[in-house]
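Participant: For the sequence shown, the positions run 1 to 401 when full-length UniProt numbering is used.
Just so it is clear, CB atoms sit at the ideal spot from N, CA and C, and this is done for glycine as well.
My questions will all concern the structure given below.
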Amino acid sequence: MTDSEHPRLILHNFLPLHVCKELEFIHKSCCTVGYRPNVFSTTLSHLIATNCHHFIMPFIPIRERLREKAEEYFRCQYELFVEFTGLISWCRGASIGWHSDDNRPYLKQRDFAAVCYLNSYDADFKGGIFHFKDGEPADVVPMAGDVIMYTADDRNIHSVDEITEGERITLTLWFSRDASHDEDRKLISSLSPALLDVAGSKLHSYIPVPGSINMYWFPPDEASSFLSGFDIRCGRLHVLGFDIYPFQETSHRSASDSSHNLLELLSRPLLLVRDSKLFESLFLNIMHALQIVQFYIWKFSDLKTKVEEMTPDATPITSQTQTTDIDRLKSVFLKDLQLAEQFFGHSKPIKDAEFDSVAFSAAVLEWECYVSKLHKELVLHLPHWKTNQSIFCVPLGDVED
Ligand SMILES: O=C(O)CCC(=O)C(=O)O
Ligand SMILES: [Fe+2]
Numbered sequence: 001m002t003d004s005e006h007p008r009l010i011l012h013n014f015l016p017l018h019v020c021k022e023l024e025f026i027h028k029s030c031c032t033v034g035y036r037p038n039v040f041s042t043t044l045s046h047l048i049a050t051n052c053h054h055f056i057m058p059f060i061p062i063r064e065r066l067r068e069k070a071e072e073y074f075r076c077q078y079e080l081f082v083e084f085t086g087l088i089s090w091c092r093g094a095s096i097g098w099h100s101d102d103n104r105p106y107l108k109q110r111d112f113a114a115v116c117y118l119n120s121y122d123a124d125f126k127g128g129i130f131h132f133k134d135g136e137p138a139d140v141v142p143m144a145g146d147v148i149m150y151t152a153d154d155r156n157i158h159s160v161d162e163i164t165e166g167e168r169i170t171l172t173l174w175f176s177r178d179a180s181h182d183e184d185r186k187l188i189s190s191l192s193p194a195l196l197d198v199a200g201s202k203l204h205s206y207i208p209v210p211g212s213i214n215m216y217w218f219p220p221d222e223a224s225s226f227l228s229g230f231d232i233r234c235g236r237l238h239v240l241g242f243d244i245y246p247f248q249e250t251s252h253r254s255a256s257d258s259s260h261n262l263l264e265l266l267s268r269p270l271l272l273v274r275d276s277k278l279f280e281s282l283f284l285n286i287m288h289a290l291q292i293v294q295f296y297i298w299k300f301s302d303l304k305t306k307v308e309e310m311t312p313d314a315t316p317i318t319s320q321t322q323t324t325d326i327d328r329l330k331s332v333f334l335k336d337l338q339l340a341e342q343f344f345g346h347s348k349p350i351k352d353a354e355f356d357s358v359a360f361s362a363a364v365l366e367w368e369c370y371v372s373k374l375h376k377e378l379v380l381h382l383p384h385w386k387t388n389q390s391i392f393c394v395p396l397g398d399v400e401d
């Protein structure tokens with residue numbers, strides 16, 4: 001170890017960029033309002049709880065590599081367990097002062113931290129530089145693919161500068177030597193019923209099921225509830241140029257219904273609108289729609305090469321009632337439109353000239369292939385995980401599409 005007073009490790013290009021992009025897609029599709037101001041998070045247990053259990057698959061090889069690296073580098077004479085895995089993003093205004101990661105009685109089990117940067121300072125966000133209080137290196141400029149590991153105790157007191165622009169995304173893990181804090185066991189026990197339910201109904205096995213609306217509502221302050229702020233899923237769709245249109249007629253509801261009731265529409269079937277055109281694809285809820293839009297952004301260059309044979313399925317909006325309905329709902333879901341744009345608007349919004357509605361139709365189909373493949377992989381892994389009470393990569397050969 002180079003510096004035994006401050007045991008830490010910086011790994012450049014540890015995660016391939018395509019893995020960073022895949023995790024970014026998962027986060028931007030599934031995240032909830034986080035535990036600190038202007039922070040958003042996606043935990044593995046949340047993925048399981050929202051019928052997105054298949055999205056834990058891309059995490060498995062990374063968790064394994066990071067755990068092995070930590071055991072090796074910190075010369076652990078004991079086995080390490082993953083205590084927590086989460087995607088975390090920080091938007092404008094988020095920061096953290098000097099602290100160690102085990103600095104609360106309920107965090108004492110944390111022995112080591114691994115922070116993987118999924119996007120880059122300057123290109124994707126401004127601010128957000130990481131600092132160690134003592135020892136070398138003193139500063140870490142986040143770059144996609146790089147990882148920092150450090151002991152969670154007070155030998156590695158650190159801070160992160162305030163984000164001034166954009167969204168800074170990390171995959172953060174903590175490791176513990178205490179088996180009673182093993183995340184795997186908890187995940188396996190919550191996974192089993194989730195997958196059994198699906199086997200029972202079969203229907204909609206990969207369609208996300210949103211959590212309660214307050215998990216997705218960004219409040220600028222604690223007290224404001226749904227009177228100010230915005231729904232983060234609508235916010236993410238908005239910065240990419242999409243509005244939503246409920247499948248069910250809503251005009252008759254307008255006078256009597258409260259905002260809260262209208263927010264329930266986000267958990268029901270809806271259509272997407274862009275550039276005064278209504279797409280014919282029906283989405284079963286807002287998370288389903290958001291996932292496909294984020295998938296389109298992630299896979300855009302591959303999709304473009306696959307679409308020659310298809311015809312776009314979007315119809316121009318001509319009725320004034322529809323336009324009024326769309327605007328009215330937008331004002332309920334995005335009370336603070338400017339704040340949504342400040343948080344999420346930085347990264348490459350699609351210009352109308354660049355938007356390809358044919359590729360978008362292809363995304364609807366390709367998304368299904370992608371999630372069903374992950375789902376099959378998960379189903380094949382689960383019996384091995386249950387037997388071992390541990391989540392790991394099982395060499396199974398290629399899973400058929
Ligand atoms: O994201 C980072 O660079 C570090 C975050 C951090 O210090 C924490 O979550 O405890
Ligand atoms: Fe920390």
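1. Assuming Ser120 and Ala144 form a contact by the criterion Cβ under 8 Å, report the distance between their Cβ atoms to the nearest whole angstrom.
2. If you draw a straight line from the alpha carbon of Phe300 to that of Leu227, how long is it in whole angstroms?
3. Thinking C-beta only, is Asp101 closer than 8 Å to Ala114?
4. What's the gap between the Cα of Phe295 and the Cα of Ser4?
5. Compute the distance between the beta-carbons of residue 414 and Leu272, then report whether it is under 8 Å.
6. Go through its chain and collect everything with a Cβ distance to Arg155's Cβ below 7 Å, but skip five positions before and after it.
7. Who are the Cβ neighbours of Val332 in its own chain at under 8 Å, not counting the five residues just before and after it?
8. Look at the alpha carbon of Thr164 and the alpha carbon of Ala340, and state the distance between them as a whole number of angstroms.
9. Is the beta carbon of Val99 within less than 7 Å of some heavy atom of ligand 2?
10. Tell me the DSSP secondary structure of Arg8 in three-state form.
11. Based on Cα-Cα distance, which residue from Leu23, Trp98, Phe175 lies nearest to Leu66?
12. Grouping DSSP H, G and I as helix and E and B as strand, with all else coil, what is Leu380?
13. Less than 7 Å separating the Cβ of Val379 from some heavy atom of ligand 1?
14. If you check the beta carbons only, do residue 402 and Gln291 fall under 8 Å apart?
15. At a cut-off of 7 Å, is His6 close to ligand 2 when judged by its beta-carbon and the heavy atoms of the ligand?
16. Whose C-alpha, out of Cys91, Pro105, Leu107, Arg168, is nearest the C-alpha of Cys20?
17. Decide if Ile232 is buried, meaning its Cβ has at least 16 other Cβ atoms within 10 Å, or exposed.
18. Sorry if obvious, but does the Cβ on His375 come closer than 7 Å to a heavy atom of ligand 2?
19. Out of Asn13, Asp243, Leu9, Ile88, which one is the CA nearest neighbour of Arg36?
20. By a C-beta neighbour count over all protein chains shown, 10 Å radius and 16 as the cutoff for buried, is Gly397 buried or exposed?
21. Would you grab the beta carbon distance between Val364 and His381 for me? Rounded to a whole angstrom, and I think it's under 8 Å.
22. Let me make sure I understand the geometry here. Which of Lys304, Ala194, Val147, Glu64 has the alpha-carbon closest to that of His375?
23. May I ask you to report which of helix, strand or coil DSSP gives Arg75?
24. Does at least one heavy atom of ligand 1 sit under 7 Å from the Cβ of Ile96?
25. Taking a contact to mean a Cβ-Cβ separation below 8 Å, would you say Thr50 touches Ser41 in this structure?
26. Please indicate yes or no: does the CB of His158 lie closer than 7 Å to some heavy atom of ligand 2?
27. Cα separation between Ile48 and Ser190?
Facilitator: In short:
1. For the purposes of this step, residue 120 is taken as the residue at position 120 of the sequence shown. For the purposes of this step, residue 144 is taken as the residue at position 144 of the sequence shown. The distance from the Cβ of Ser120 to that of Ala144 is about 5 Å, consistent with a contact at the 8 Å cut-off.
2. On the sequence shown, position 300 is the one that residue 300 refers to. On the sequence shown, position 227 is the one that residue 227 refers to. So the two alpha carbons sit approximately 36 Å from each other.
3. Along the sequence shown, read from residue 1 onward, the residue named residue 114 stands at position 114. Along the sequence shown, read from residue 1 onward, the residue named residue 101 stands at position 101. Going by C-beta atoms, Ala114 is not nearer than 8 Å to Asp101.
4. Taking the sequence shown and counting its residues from 1, one reaches residue 295 at position 295. Taking the sequence shown and counting its residues from 1, one reaches residue 4 at position 4. The straight-line gap from Cα to Cα measures roughly 44 Å.
5. Nothing about residue 414 can be read from this structure; the chain reaches only from 1 to 401.
6. Along the sequence shown, read from residue 1 onward, the residue named residue 155 stands at position 155. Closer than 7 Å at the Cβ level, and outside the excluded window around Arg155, lie Glu5, His6, Pro7.
7. What you label residue 332 is simply residue 332 of the sequence shown in a count that begins at 1. Ser259, Leu262, Leu263, listed in sequence order.
8. Residue 164 sits at position 164 when you count from the first residue of the sequence shown. Residue 340 sits at position 340 when you count from the first residue of the sequence shown. Cα-Cα distance, rounded: 14 Å.
9. For this step, residue 99 is matched to residue 99 along the sequence shown. At residue 99 the sequence reads His, which differs from the Val that was named. At least one heavy atom of ligand 2 is nearer than 7 Å to the Cβ of His99, so yes.
10. In the sequence shown, counting from the first residue as 1, residue 8 sits at position 8. The answer is strand: DSSP assigns Arg8 an E or B state.
11. Mapped onto the sequence shown, residue 66 falls at position 66. Out of Leu23, Trp98, Phe175, Phe175 has the C-alpha closest to the C-alpha of Leu66.
12. As a working note, residue 380 is residue 380 in the sequence shown. Here Leu380 sits in helix by DSSP.
13. For this step, residue 379 is matched to residue 379 along the sequence shown. Outside the cutoff, so no.
14. Here the chain comprises residues numbered 1 to 401, so residue 402 is not present and cannot be evaluated.
15. Here residue 6 refers to the residue found at position 6 of the sequence shown. Incorrect: His6 has no Cβ contact closer than 7 Å to ligand 2.
16. Looking up residue 20 in the sequence shown gives position 20. Nearest C-alpha to Cys20: Arg168.
17. On the sequence shown, residue 232 is found 232 positions in, with the first residue counted as 1. It is buried - the Cβ of Ile232 has at least 16 other Cβ atoms within 10 Å.
18. For the purposes of this step, residue 375 is taken as residue 375 along the sequence shown, with counting starting at 1. It does not: the Cβ of His375 is nowhere closer than 7 Å to a heavy atom of ligand 2.
19. Here residue 36 is taken as the residue at index 36 of the sequence shown, counted from 1. Taking only the C-alpha atoms, the option nearest Arg36 is Ile88.
20. Within the sequence shown, numbered from 1, the residue matching residue 397 stands at position 397. Looking at its Cβ environment, which holds fewer than 16 other Cβ atoms inside 10 Å, Gly397 is exposed.
21. Within the sequence shown, residue 364 is the residue found at index 364, counting from 1. Within the sequence shown, residue 381 is the residue found at index 381, counting from 1. Going by Cβ atoms, the distance from Val364 to His381 rounds to 27 Å, so no, they are not a contact pair.
22. Reading the sequence shown from its first residue, position 375 is the one you call residue 375. If we check each option's Cα against that of His375, Ala194 comes out closest.
23. Here residue 75 corresponds to residue number 75 of the sequence shown, with the count starting at 1. DSSP places Arg75 in coil when its eight states are reduced to three.
24. What you label residue 96 is simply residue 96 of the sequence shown in a count that begins at 1. Yes.
25. Residue mapping note: residue 50 aligns to position 50 of the sequence shown, counting from 1. Residue mapping note: residue 41 aligns to position 41 of the sequence shown, counting from 1. Not closer than 8 Å, so no.
26. By 1-based counting over the sequence shown, the position of residue 158 is 158. Yes, the Cβ of His158 comes within 7 Å of a heavy atom of ligand 2.
27. Your numbering for residue 48 matches position 48 in the sequence shown. Your numbering for residue 190 matches position 190 in the sequence shown. Cα to Cα, the separation comes out at about 7 Å.
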